[in-house]
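The structure appears below as structure tokens.
Protein chains in written order, with UniProt numbering: chain A, 1 to 512; chain B, 1 to 512; chain C, 1 to 512; chain D, 1 to 512.
Take a look at the structure:
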């Protein structure tokens, strides 16, 4: 089969809604009929009509997305399976390097050395400075007023240690078994989308770091890297899990799940907290600042659907809002992988999962990105442990049922609190994104080194030689459920109050 | 009846307290005898003595206010029912456009496009920048230290969701019935005064938007638009309610109520939290800055009543502080409309309304504009539901009794919390004022679009297909009643504490 | 008895520790032997040795202080009871008007008109700007970290109203009886020292305002004005109370109390929270900034007692720390005036006062000026009402026992909360000091006008026609006893969190 | 034995890892073989290879550290026990005085006079300005997010006084007996390491001040001064305690303990909260800023252990993480000194210490420097008193068991709260470090004078003549256990809220 080369010049003539060709990775695609089906809207495609869209395409789509969604006859519009574009003839899409981008690149060049990164907060601080705005907005944003997003972290601050002393802690061991698989830490890398927004290697950074540190990576449905690429990158024996967004077309889901099982995925985490993606307004606002609002408004007024609600909503429109408990037996019928529900937010649902014979639940609110004022996973954990424990004592048989938590973790100290309350392991997401967005694989590696140090120190300081010794009595979580908002301040009284002052130096201007 | 034209020149000679004529909408009125009865004080009238007062008159009075209050023979001072002023001869009141006003107009011109308005907070931010100071002060101000005003909003933050998963939420429906009338959302546009301060079309903006979105508008007694104008503007079948300030002259009230019933108003909301209007000091202070304080002081020292306490108090002096439970049967005798008390603030009064056979109560503190340290409606709701429920179970017969809440709502998320606790619907006021003050009808329309999006998303994310599925178990309101004020800070300790720092870039100045 | 005039020249030669004469109000005094007994230390006297000390003397001492403390033969050092100084010959003490003082006087001249003062907070804001630093420091300072000082105010913010509606509140009456005497408001002007620091007329401003508004003034032991001067200034029938610091020399106290009774004082408030005056560091620090710290240090190092702890400690060294319950019968034996303990801080002591047949207690922590972390009076009130009520129900006979509270009040709203919890009346101190310090008598008059407005409005809005209708059920004080200090903040997490932003204007610079 | 002088020139040739000599206090040491055993890492030694390291050595090591750790034959590398270095020939290590250091010295010169220091906070404020950065970082830093560090102080703010009145408090006495030894205050100077970082006299400042004020000093294992030097400096009869870090080599510990007992140490406080030293990131970060991060990173990448975790970790690597309850009998066998566990953090361990017949426990979290989110000592105290009291009532015989608390104390007010809850005495650390770091011995002396003033005043104001009268009923600690973190703020709502304003001056610019 000889391949016919299409000239860039010819492609360039197909630059309208009526005939729209684009180039991705050197191949030409006729997407005219696909325009209105594109989850991200037609507008972003039309911007590249007749041009090379690879740079825009890559961070948001797995490589095989276009071939999966387009019928084969559109893969090469002029002659089916004939050839590719002639690279020398392609019209370049000139990307102007703005001043803001230049400054960003300068900041990238001036990142501190990795050894100056002392904790997971540091990665976030650096990432915020060195990431492209769009990527930062997508990773950091959360639902509505972002209350739950922050609550996820501060909830840990309502749990305090009751450490034990005078125990020989020369040897401390924080390894565990997650769904039967060894993990060197009671945490796993949870699924987060669009890794290439932060770093060209995307989720591969995580695969490599997980291998090196003996922990488990959960591969996201919406990875920037192709699923198989991430599985291929695993070391022999390396355990990977899969996070699943269930497609409205169950056949697609079935194919994906069974393929995953065949490739050796060890557990399936079905996301149940996202029948629709949440309003992430920081992300939405960033979009407007990048785009031309006049045009957006015009579209809106013409009654066109607003597709501007951030990358996440665009890429997720296939997710099925009809997903129901009634679907669980079907999942059990198509795979032998353990099934875990990701996004359980009250004990009633955890108990139903237990009774349904599932392998576990992740108490999670999707990093605060879905329902604002959903409680933190670690708060829910307390009630779930109580209720599942009660059910267990009635001798229902689901002995392997495990509890996971995610959201808001920044320290091994946090992780161990969740363990004390009854979690098997904790999912960590954003901190690793920030780690590779600022330093690539080495960032994630260093983050895991920091956590290792923190685990060792905190195990010793709480007086636990193994995770089994971290019992509920080791924490005081009596304030965990408090949702206090102080009475609004008395501004007049407060501004009248003249703050006390310290003793001051005599003449020298203080540095403070 | 031929009409005699009065020349502006002649009007201009009547510019004293002894003989005071003013022009409103091209007609001449002799208000000399009315000066001391003017609820807003004589001073503001004398400012326009002999001149055209229309621009000042319009935003504060309904068109028919002057003819209602003045006897007919004063409607045309020179010859009763003879004629109007000759427009060409009227002395213009020159309104100097201040620098501040020019800057304001520039801000108006630079409003962001509507599609950049992502939530109801945004309207307020823009309104604050583009509204005249006087209007902003009147709309935004609240009683005394404005603690209750802010508490109304933050009380919602003490209520957290316990969402359910794996329910088929493809179709979600947040419509309801309010007093038997269909509403597409569990909210209504509550009554707020002086709409024309914010926009020339005043409350008409709300009437139109309510029609378009299938929700109910509550017409305020103190609307800037005439009552009939607002009823006339309604679409066929559009449901309107009426908010009532009860006049000391009950005949006026009776006439107004029966007229309203005849015009098709479907329910009467009697305001019971305003026997006297609250001190709204932000509004009062704005007045002083606009007026000449020396003159004010002089008046005060001469023993004259202080009429400067803001527009609200001026226009509300007719309200009857003697209103009593004993008046309720009288209301029941003059109208068949369902009666609802607006401004109930404890369960004892809600129960009394229930027992009196009323149709419902609005748990409200008047947007924090009356009694400071009155609790938020949503906090009171919890105790009212409990007590009314107990009464119901004793089989008292008031089955149609409904509970409403207003104050502090900014998100559909808030509204649904109130529904979960037992409210039929929630009144929203200021957000719609800010919406039309910044963008007119389109603003209110967009606000309702945003709420629609938020309702759909939040219904799905909490796992409720209809409002009936939003049961009390879906929220954790255990901290709702807490009124915590933290112990005052230790300023010396705090200023000694040196905050931790993140890793920093090497040489580049950070953007932060 | 002819009077001999002493020349200022001669006085000027007595300007040493060995022979120290000073002039006060035109009379010469030999204070050489008194230097070491001066409660305020010798240093401040030596500063005026040989000079006219009147300006410094006046605001801190009643006019008769010097004649009371000095034996008669020192009243005119050259010839006992012979004569006065010749005014023309007195060496002037030149007081340099500093730049800071000039700026202060400019601020005084630019005070806003009284009608712009909308609440009691406003007086404090203006007073802070127009008062001399020393006076501000003395009035505003409180003990140690000033936690209790601020707690006194914020404790009221933990009490919320449960107002009643539909009560005929045309006529509302907030008058009461305090210890049997009519008061137009449920408050009294409590005792505060050194009124002339803030205004030349000192406490006389309060006497006049109390008369005009029908309320009761409590005269302080440490008034700047002489006791008799304040009694003389009272209108016929005007009721005055007396606050008493008990002297180590009980005869002085007895004489003072019996003189007061004879002059018509109606009740004696014995201060029991000040066996020693508290550390008021803001006041102390102000002293150092005004004085020469090197000299102070030198004195300290020489082992001399540190007399620099502010005006209050200086003038109060006579107070007896041995005061004991055993002294109560003695007080009952020397006067028929009702006795009230001022400064009770727990129910145990209130009960003991009740059992001792006293007339009442003031639940007070001395405005936060004594023991830091003493609870607010209004918090203590709740427990005292409970315990005294229990005792009453056991039919102990002290039926006239009344409860008062002071500290932190800024609004009639606050006062009425204390009434709801069981207080007869509330003492108000600093706000009136700030009122006369910024506007003299007219300030206090205006402050009481504001309170009158606030009482009327709040009575109506809570639905009470008289104080008797303000029952405990009208408030929710369930959070009153909470002493919450939030967990210290996570500075790294907080600084990483990027705050959400509103929609913004397009090009115009915002005014905000 | 004649001594041979080694020339500095010769020393200078031994400046490599292969042959490394250094000079300390005029003596030459061959540390080549010791390089890899140095707890602080080899790098810091190599910096001084061939040079005089005294200035770097002194503040971190007791004088005898080098002779203790090096075998005698290394004490003079060229000829065992022959001689010293010839001072005139030593290569000077030039220490460049940086601009920052010059500014610091200027600040030192401009410290306020001691009499301007009004409280213990003031010392910290001055110390922060005048201490070398490294010393400040070491003293002030704490574990991880420093939450526990600040909690230690604010926990006291959740305890409020219930003071008693009308008690004769002419004479108040706050002396006590600590483990049978008289102390003029219910506090002791607790052990803190590396005193010479803050002042050349190091811990000697504390020994002298303790003697003068009749209180007890606890000597730290990691003192900068030699143990014997501190014992020698004690006055006759002066009581000293010893804090012990237990060495992995128990013989060293045994020798040290028995030597201490022989020298008259009265009690042994065994640190049990430091099996490993905590991450003190402020300290770690300071290191990086002082060093060359590139080099650090390089070392790290070569797999070398990171020795940069601050002075504390470096000097503490000998501490034994295997320390166990099983070791307690051994301690009881090697010494007759009372044994106290320092660092108990829950009642279970306190009870075990009680049952083991120990003399007491210090409820401490090591000043927040070990486990973050460990509770404050004063919070733990409440539960320990309850449980130990219950055990006592079962008549277990350990009658001498005493409770101590440390961490967060800044006022006598704080100390007395701990006493009220059941502590015998309170340990104070950092405040004294800051006192001598800013003013040497005189600073500590003044700090104790301030505390004396505060004790006297507070004893009187709470109505206690002796510590025995400070009973639990005198405090309200009902909020002590609350660990509240408020719900994260609503940034959009808050930024929309326009704060109320005070009345303003007319034209003058305010000073505020």
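Where is the CB? At the ideal position from N, CA and C, for every residue including glycine.
No experiment lies behind these values; they were computed from the predicted model shown.
In the three-state DSSP reduction, residue 232 of chain C falls in the helix class (H, G or I). Distance check between residue 189 of chain C and each of C:337, C:172, C:220 places C:220 closest, using alpha-carbon atoms only.
Under the three-state reduction of DSSP output, residue 55 of chain B falls in the helix class.
With 16 or more neighbouring CB atoms inside 10 Å of its own CB, residue 358 of chain B falls in the buried class. Taking 8 Å as the cut-off between beta carbons, the residues of the stretch 484-511 of chain B near chain A are 484, 485, 486, 491, 492, 495, 496, 502, 503, 504, 505, 506, 507, 508, 510, 511, in sequence order. At a Cβ-Cβ threshold of 9 Å, residue 172 of chain D and residue 456 of chain D count as neighbours.
Within its own chain, the residues whose Cβ lies closer than 6 Å to the Cβ of residue 458 of chain D, once the five positions on either side in sequence are excluded, are 412, 413, 416, listed in chain order. Beyond the five residues adjoining it in sequence on each side, residue 183 of chain C comes within less than 6 Å, by CB distance, of 176, 215, 216 in the same chain, given in chain order.
Residue-level contact check: residue 124 of chain C touches chain A, since one or more beta carbons of chain A fall below 9 Å from its beta carbon. For residue 400 of chain D, the secondary structure class from DSSP, reduced to helix, strand or coil, is coil.
Within a 10 Å sphere around the beta-carbon of residue 235 of chain D sit fewer than 16 other beta-carbons, which makes this residue exposed.
Shown here, residue 181 of chain D sits in a strand according to DSSP, grouped into three states. Residues of chain C whose Cβ lies closer than 8 Å to the Cβ of residue 165 of chain D are, in chain order, 272, 273, 341, 343, 344, 345, 349.
When secondary structure is reduced to three states using DSSP, residue 216 of chain A falls in the coil class, being assigned neither helix nor strand. When DSSP states are grouped into helix, strand and coil, residue 334 of chain A belongs to the helix group.
The beta-carbon of residue 175 of chain A is placed no less than 9 Å from the nearest beta-carbon of chain C. Restricting attention to C:440, C:228, C:460, the CA atom closest to the CA of residue 469 of chain C is found in C:460. At a cut-off of 3 residues, the continuous stretches assigned as beta strand (DSSP E) that sit fully inside the stretch 369-428 of chain B are 402-406, 425-428. Residue-level contact by beta carbon holds for residue 328 of chain C and chain D, with a gap shorter than 9 Å. When the beta-carbon positions are compared, residue 424 of chain B and residue 178 of chain B come within less than 9 Å of each other. In this structure, residue 420 of chain A places its C-beta atom within 9 Å of the C-beta atom of residue 471 of chain A.
Going by DSSP, residue 28 of chain D is part of the beta strand (DSSP E) stretching over 27-30.
The Cβ atoms of residue 241 of chain C and residue 204 of chain C lie no closer than 9 Å to each other.
Residue pairing by DSSP places residue 160 of chain B opposite B:476 in a beta bridge. Between the alpha carbons of residue 343 of chain A and residue 243 of chain D lies a gap of roughly 50 Å. Partner residues in the beta bridge of residue 360 of chain A, as assigned by DSSP, are A:340, A:402. Residue contact check for residue 118 of chain C against chain B: a CB pair falls below 9 Å.
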